[in-house]
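Accompanying notes for the structure given below.
Residue numbers (the numbering used here): 115 to 605.
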């Protein structure tokens, strides 16, 4: 096959890069650190976007759009926020170019300097909370539940397609509430939405938890996260939800009159997931043959490839296939009949395997005679001959079976690669030689967390929400601890 991949065991990083490019998901662009998302990759993102958007709207949220540019002065209003993003900001200083009369081409016009520099949004808390000041006056204006689909820029020096790029696509929710309790409930509600999406659509098991202070979002009081385990044993943060307290409301003077007529600062949340989920989808399930896509996010769920020697045979196959295509579409299943005569069936089989199409049907003249079709499922690479009778019902149930199987495979992998460490030496050995999730006691201090990170590169991914109280001693300091936290190397 022309698009042969590096094997995962040989070089996991190169396998990932090969697969993203050769499966036509994305490619590097002329702008360093930025990517071009190709139509097949974007089709997957559109399905992710559609499901998440539906889930947001079912929980009462509406979409809006805010400016790409943020005045620099806005960032100085919330100290922790600006400190967290200052090193990643792209800054617009001028608004015009002019012809270079000496050297040709164009140069920045020095007379076109902005009075105040503009930041290309790394996240939108500041511009949105400045806007909310005009929208919120009374308790009747609350809660304000808004999401936006947008692009953001965070200047990255080391990039990788989908996982870490200078510009990426995402959604960011920003909500305002009358009480602390409502805001905390919103924060937890949205991390549960992300968890449901990851597990039920991406077929990717995740652990819900709270970030340590060191790993918390800049400007947040509390950050909730979902963490997934990739096949190379590294963790990937796949969605976060932040309880912002009243920090941004105070910074931008967003107050409301409560039911008694007294002015109070509102309570805030923000939450987001990005095209990083595309990288998670690739790394959680795919194999050395190519993508393995869960059916609920596959742009093409079923592909039908005719095998024929002449146009009469193709026409007979097409007449039979028309009914199957109509039946599948009636059930909401996306199907493609690939009768393109520029490629041979063998090439097509390999190509759709590479692109992770969940179910492939191959039909030739003998199949028509026998009223059968060859069916191949991508998750197991198994092939079976099945009857045309009841084929649409069979495929519908098979797609659900594939979705479940992909999830269970990932869940089993995570279970096998989630281990406990009770001593420092045991912890170091697991992180270095085994990888995966390591549950270990920690004394709760930022100093210890930083020392563990410096010596092993492992970080606290989260304090799991379903943690059981368990007396123990910190693996590093030996100080008492009442619960284990989740460590891992991470992307």
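Even glycine gets a Cβ: it sits at the ideal position worked out from N, Cα and C.
To the nearest whole angstrom, what separates the beta carbons of residue i and residue j, a pair I think is in contact under 8 Å?
{"i": "residue 317", "j": "residue 399", "result": "7 Å"}
{"i": "residue 287", "j": "residue 385", "result": "5 Å"}
{"i": "residue 231", "j": "residue 205", "result": "5 Å"}
{"i": "residue 411", "j": "residue 338", "result": "Their Cβ separation, rounded to whole angstroms, is 23 Å, which puts residue 411 and residue 338 out of contact at 8 Å."}
{"i": "residue 178", "j": "residue 276", "result": "Rounded, the Cβ-Cβ distance is 26 Å, inconsistent with contact."}
{"i": "residue 394", "j": "residue 350", "result": "5 Å"}
{"i": "residue 602", "j": "residue 572", "result": "6 Å"}
{"i": "residue 292", "j": "residue 253", "result": "5 Å"}
{"i": "residue 468", "j": "residue 136", "result": "7 Å"}
{"i": "residue 297", "j": "residue 352", "result": "Wrong, their Cβ atoms sit about 22 Å apart, outside the cutoff."}
{"i": "residue 308", "j": "residue 335", "result": "At roughly 19 Å, the Cβ-Cβ gap does not stay under 8 Å, so residue 308 and residue 335 are not in contact."}
{"i": "residue 242", "j": "residue 180", "result": "6 Å"}
{"i": "residue 527", "j": "residue 589", "result": "In fact, because the Cβ distance is near 24 Å, the residues do not count as touching under 8 Å."}
{"i": "residue 452", "j": "residue 462", "result": "6 Å"}
Can you have a look at residue i and say buried or exposed, based on whether 16 or more other CB atoms are within 10 angstroms of its CB?
{"i": "residue 279", "result": "buried"}
{"i": "residue 116", "result": "At residue 116, the pLDDT of 48 sits below 50, so the modelled position is not reliable; the number obtained from the coordinates is stated separately. It is exposed - the Cβ of residue 116 has fewer than 16 other Cβ atoms within 10 Å."}
{"i": "residue 219", "result": "exposed"}
{"i": "residue 543", "result": "exposed"}
{"i": "residue 474", "result": "buried"}
{"i": "residue 162", "result": "buried"}
{"i": "residue 325", "result": "buried"}
{"i": "residue 320", "result": "buried"}
{"i": "residue 261", "result": "buried"}
{"i": "residue 415", "result": "buried"}
{"i": "residue 355", "result": "buried"}
{"i": "residue 549", "result": "buried"}
{"i": "residue 437", "result": "exposed"}
{"i": "residue 539", "result": "exposed"}
{"i": "residue 271", "result": "exposed"}
{"i": "residue 493", "result": "buried"}
{"i": "residue 537", "result": "exposed"}
{"i": "residue 183", "result": "exposed"}
Quick one: what's residue i bridged to in DSSP?
{"i": "residue 285", "result": "263 and 387"}
{"i": "residue 351", "result": "341"}
{"i": "residue 379", "result": "369"}
{"i": "residue 497", "result": "490"}
{"i": "residue 595", "result": "586"}
{"i": "residue 204", "result": "234"}
{"i": "residue 573", "result": "602"}
{"i": "residue 502", "result": "Its beta-bridge partners do not exist; DSSP assigns none."}
{"i": "residue 142", "result": "149"}
{"i": "residue 188", "result": "Looking at the DSSP assignment, residue 188 forms no beta bridge with any residue, so it has no partner."}
Taking the alpha carbon of residue i as the point to measure from, which residue in the options has its own alpha carbon closest?
{"i": "residue 585", "options": "573, 574, 598 and 578", "result": "598"}
{"i": "residue 562", "options": "327, 168, 180 and 374", "result": "327"}
{"i": "residue 419", "options": "131, 307, 268 and 455", "result": "455"}
{"i": "residue 256", "options": "372, 307, 535 and 299", "result": "372"}
{"i": "residue 187", "options": "176, 202, 223 and 244", "result": "244"}
{"i": "residue 299", "options": "196, 121 and 358", "result": "358"}
{"i": "residue 500", "options": "510, 489, 493 and 494", "result": "489"}
{"i": "residue 531", "options": "521, 329 and 345", "result": "345"}
{"i": "residue 545", "options": "533, 556 and 270", "result": "533"}
{"i": "residue 479", "options": "603, 209 and 426", "result": "426"}
{"i": "residue 210", "options": "216, 217 and 224", "result": "224"}
{"i": "residue 128", "options": "151, 165, 274 and 181", "result": "274"}
{"i": "residue 511", "options": "446, 285, 176 and 268", "result": "446"}
{"i": "residue 502", "options": "529, 476, 176 and 142", "result": "476"}
{"i": "residue 449", "options": "417, 332, 342 and 514", "result": "417"}
{"i": "residue 333", "options": "374, 305 and 383", "result": "383"}
{"i": "residue 226", "options": "236, 212, 238 and 122", "result": "212"}
{"i": "residue 587", "options": "509, 555, 525 and 331", "result": "555"}
{"i": "residue 513", "options": "310, 558, 466 and 407", "result": "407"}
{"i": "residue 305", "options": "169, 185 and 374", "result": "169"}
{"i": "residue 238", "options": "222, 263, 248 and 228", "result": "263"}
By Cβ distance, which residues of its chain are closer than 7 Å to residue i, with the 5 residues on each side in sequence left out?
{"i": "residue 174", "result": "259"}
{"i": "residue 396", "result": "130, 133, 134 and 405"}
{"i": "residue 482", "result": "430, 431 and 434"}
{"i": "residue 379", "result": "360, 363, 364, 368 and 369"}
{"i": "residue 303", "result": "173"}
{"i": "residue 564", "result": "328"}
Are any of the Cβ atoms in chain D nearer than 8 Å to that of residue i?
{"i": "residue 311", "result": "As a matter of chain content, chain D is missing from the structure shown, which is built from one protein chain."}
Please return the same chain residues whose Cβ sits closer than 6 Å to the Cβ of residue i, not counting the five positions on each side in sequence.
{"i": "residue 283", "result": "265 and 389"}
{"i": "residue 365", "result": "191 and 192"}
{"i": "residue 441", "result": "506"}
{"i": "residue 577", "result": "323, 324 and 599"}
{"i": "residue 605", "result": "277, 348 and 350"}
{"i": "residue 156", "result": "none"}
{"i": "residue 294", "result": "381"}
Leaving out five residues before and five after residue i in sequence, what residues of the same chain have Cβ atoms less than 8 Å from its Cβ?
{"i": "residue 189", "result": "195, 196, 199, 200, 203, 233 and 240"}
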